[in-house]
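To keep things clear, I will list the structure first and then write my remarks on it.
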Amino acid sequence: MAFLFTSTLLIISLAFIAIAEGTGDRNASASSPGCMQVATLIHIGEIRPAKANKPGVQNTLKMSGNAQIFKTTQVTLQVDGQEPCTVKINNGETKCKITGDELTGKLIFKTEKGTEISASFEQAKLFSENKCVIELDTYNKITHETKLKINGNNFMIKKKEEYLDLQTLPMKVKPFPNGILAEINLAHSYG
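The sequence shown maps to residues -22 to -1, 1 to 169 in mature numbering (1 follows the signal peptide of the UniProt record, and there is no 0).
Here is the structure:
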């Protein structure tokens, strides 16, 4: 039987798949590509308000950072109902067809190993003077914390320790005679 227990309503938090997979250090994370770890985007210090976007000027997306640490990381800005915009680290900037000031969607970081960080946002002002500038700073291999800036504001991606308390879920458990769980029937659907 396959079990899938995932949920976290994220306003500005991240589904974080160990960024260390793209750092070139095989010991940096026990995660393999496709294994998702959940983390949160935490703001550090003061928030600088976004500057007004100029009407009629196309928005741009730029990402920079230490290429030795983050290798070929790329980011995709995906806004609900609009064409996604993708740029690779230290590869200049790219023009986006994304319009609007308060946006809802995802920032999706992808490493050379295929691992992803997906940051959901709602009504966020990601463009300041028609630019969204993301600067990846450091990655701590022990704590799995990444420091970055978005439009000059300091953030940290911190691994979130999630667990599922099976006692709080309405379910019926049928054990095999040897005590191994054979079947779990959930009383409700989770999604």
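Cβ atoms here follow ideal geometry from the backbone N, Cα and C, with glycine treated the same way.
Our two residues, Asn68 and Phe87, have alpha carbons roughly 14 Å apart in a direct line. Remark: C-beta atoms of Thr51 and Thr89 approach each other more closely than 8 Å. Partner residues in a beta bridge of Leu104, as assigned by DSSP, do not exist. Secondary structure note for Gln46: it is in no beta strand (DSSP E), and the uninterrupted alpha helix (DSSP H) holding it is 45 to 48. The three-state reading of DSSP puts Asp115 in strand, counting E and B together. Within its own chain, the residues whose Cβ lies closer than 7 Å to the Cβ of Thr38, once the five positions on either side in sequence are excluded, are Glu71, Thr72, Lys73, Cys74, Asn108, Lys109, listed in chain order.
The three-state reading of DSSP puts Gly59 in coil, since its state is none of H, G, I, E or B.
For Ile86, the enclosing beta strand (DSSP E) has its first and last residue at 81 to 88.
Taking each of Ile22, Ile47, Ile76 in turn and checking the Cα distance to Leu55, the smallest one comes out for Ile76. Linking Arg26 to Gly130 through their CA atoms gives a straight-line distance of about 7 Å.
Burial state of Gly43 is buried, judged by a 10 Å Cβ sphere holding 16 or more other Cβ atoms. Here Asp58 is not near Thr93, since their CB atoms are 8 Å or more apart.
Linking Gln36 to Phe105 through their CA atoms gives a straight-line distance of about 11 Å. Of the other Cβ atoms in all chains shown, 16 or more fall within 10 Å of the Cβ of Thr124; this residue is therefore buried.
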